[in-house]
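Numbering (the numbering used here), first residue to last: 1 to 296.
We treat Cβ as the ideally placed atom computed from N, Cα and C, and that holds for glycine.
Shown next, in structure tokens, is the structure this report addresses.
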């Protein structure tokens, strides 16, 4: 049987592939990490890592062991977390955020209902920025984010909002006079891009590389914020597919919004890190769903 500290040391090294960073994360010496790994390898009877002076890599046996152990450890951690939550009730602090002003009303209804149901849990609310949405969920500064899908690498749903898509163009752009456009027009104009930190799946959904017929979509410049992206549109640097609520929250005399008649809807709702699925998060998602249903 492996001890918990042995499993933790092994999985941390399997993730970091660096003895120094592993020791730093576990707050032990590199010698201690090396000792534990050597002990494990003797117990298993085979090398778990291939080491050189510059590189640490998992052996095939080590990779298999990591793949087998990781879900069990995650399950144990989740079971303990559920037990703690059940013993304490819904208390502590829940940090929630919203991305885009049109998600704020949904969030506020959810917070009101959650607070009514769980008055002993403090809820902190803040607006997230495009550049920090993912990092906030990963480092725990945000427990639940109300944002648009897809948000790869996270739990998405259930959807609370659905809206059509529009194309933001400069007010004097030829497309501004159209009653609606097809996604195929993206092949004829540069498309303003989201920041580099934005997830790949989201970018493929909002600013695809090809039209439905397979025509390549030229890439325009990238903005750091949504307002900056709209400014690039107003300057004539490119066009930008946006949600149907954008004209209401970002009305600009220098930007026109044209409906896209053949695009699927955009859905928005709660997003969170799977390993952070606490009772607080579950109850907030339930409150958000119930409050949104009542608010329609």
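- For residue 159, the three-state secondary structure derived from DSSP is coil.
- Contact between the segment 160 to 167 and the segment 266 to 282 is present: three or more C-beta pairs spanning the two stretches fall below 8 Å.
- For residue 81, the closest of 291, 114, 275 by C-alpha to C-alpha distance is 275.
- Residue burial annotation: residue 55 is exposed, with fewer than 16 other C-beta atoms found within 10 angstroms of its C-beta.
- The bridge partners DSSP lists for residue 76 come to none.
- A distance below 6 Å between beta-carbons, with the five flanking residues on each side excluded, links residue 147 to the following residues of its chain, in chain order: 99, 271.
- Beta-bridge pairing by DSSP links residue 166 to 242, 259.
- Under the 10 Å beta carbon count, residue 93 is surrounded by fewer than 16 other beta carbons and is classified as exposed.
- Straight-line spacing of the CA atoms in residue 27 and residue 34 works out to 14 Å.
- Rounded to the nearest whole angstrom, the C-alpha separation of residue 7 and residue 72 is 11 Å.
- Rounded to the nearest whole angstrom, the C-alpha separation of residue 285 and residue 37 is 41 Å.
- Distance between residue 238 and residue 19, taken at the CA atoms: about 47 Å.
- One alpha carbon belongs to residue 213, the other to residue 205, and they sit about 15 Å apart.
- The alpha-carbon separation between residue 78 and residue 279 amounts to approximately 10 Å.
- Per the coordinates, the alpha-carbon of residue 74 lies some 25 Å from the alpha-carbon of residue 42.
- For residue 20, no beta strand (DSSP E) encloses it; the enclosing alpha helix (DSSP H) starts and ends at 19 to 26.
- Within the segment 165 to 213, the complete beta strand (DSSP E) runs of at least 3 residues fall at 165 to 170, 191 to 193.
- For the options 253, 136, 201, the alpha carbon positioned closest to that of residue 176 is the one of 253.
- When C-beta atoms of the segment 219 to 226 are compared with those of the segment 192 to 204, three or more pairs fall below 8 Å, so the two segments count as touching.
- Residue 287 has its alpha-carbon roughly 15 Å from the corresponding atom of residue 143.
- Look at residue 141 here: in three-state DSSP terms it is coil, with no helix or strand label.
- With 16 or more other Cβ atoms inside 10 Å of its own Cβ, residue 62 counts as buried.
- Restricting attention to 40, 76, 114, the CA atom closest to the CA of residue 290 is found in 114.
- Contact check between the segment 243 to 257 and the segment 105 to 122: fewer than three CB pairs, one atom from each, fall below 8 Å, which does not count as touching.
- Between residue 133 and the set 179, 225, 14, the nearest pair of CA atoms involves 225.
- Note on residue 50: under 16 other CB atoms within 10 angstroms of its CB, so exposed under the neighbour-count rule.
- Distance check between residue 202 and each of 153, 292, 282, 283 places 153 closest, using alpha-carbon atoms only.
- Setting aside the 5 residues that flank it on each side, residue 256 is surrounded in the same chain by 169, 171, 176, each with a C-beta closer than 6 Å to its C-beta; the list follows chain order.
- Excluding sequence positions up to five before and after residue 17, its CB lies within less than 7 Å of the CB of 56, 57, all in the same chain and listed in chain order.
- A buried status is given to residue 118, since no fewer than 16 other beta-carbon atoms sit within 10 Å of its beta-carbon.
- The Cβ-Cβ distance between residue 180 and residue 260 falls below 8 Å.
- For residue 234, the uninterrupted alpha helix (DSSP H) run begins and ends at 226 to 234, by DSSP.
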